[in-house]
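Residue numbers (my numbering): -8 to 142. No residue lacks a Cβ here, since even glycine has one placed at the ideal position from N, Cα and C. Given the structure is predicted, the values throughout are model-derived calculations rather than measurements.
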Amino acid sequence: MNIASEIERRHIASARQVLRLTPLTLAKAFRGELVPQDPTDEPAHALLARIATQRNVPTDTASATTPRRGRPPRTPKESATMTKSRQDHDVMDQPYLAGHLRRIGTPASAEALFKVAELPVADFYKQLAWEVTQGHVKDNQTTLEPGHAAG
């Protein structure tokens, strides 16, 4: 029991010291005792006096800051309505994108094909991957053109 009582006494004393640790550390910091001080720094009273005199000096109107201007309003982006889905009967398991490429008449970029396809991005790329795999669309790295598969 004596050992348990001694441990409890030490614990209580340590808990009291912990509660005092933060205020003591802050006091040392404000006194400048935590890090070595630069002897070339001006004393605090001199710094405070210099700040007070600068506050009392009238400011020049030419050096006054100009009021902030807000951002110009953004121009609304051209929003394309996505009217198609991969689940539509004329898209699902059909050479839908190849048909658009045939109507365009020349090899087109994926971006140009996307604009005319009216499919959401995910559906467009799934459909494009399927049509390339099936041979309906030929991928030339930078352009797309209709493939030679039947459809």
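- For the pair Pro49 and His36, the Cα-to-Cα distance works out to about 22 Å.
- Val128 is bridged by DSSP to Pro137.
- Boundaries of the alpha helix (DSSP H) around Leu12: Asn(-7) to Arg22.
- Ala99 is bridged by DSSP to Leu135.
- Leu135 is the residue among Tyr116, Leu135, Pro63 and Met83 whose C-alpha sits nearest the C-alpha of Arg94.
- Restricting attention to Glu33, Pro137 and Thr133, the CA atom closest to the CA of Thr124 is found in Pro137.
- For His36, the enclosing alpha helix (DSSP H) covers residues Ala35 to Asn47.
- Judged by beta-carbon spacing, His127 lies within the 8 Å limit of Pro86, meaning their Cβ atoms are closer than that value.
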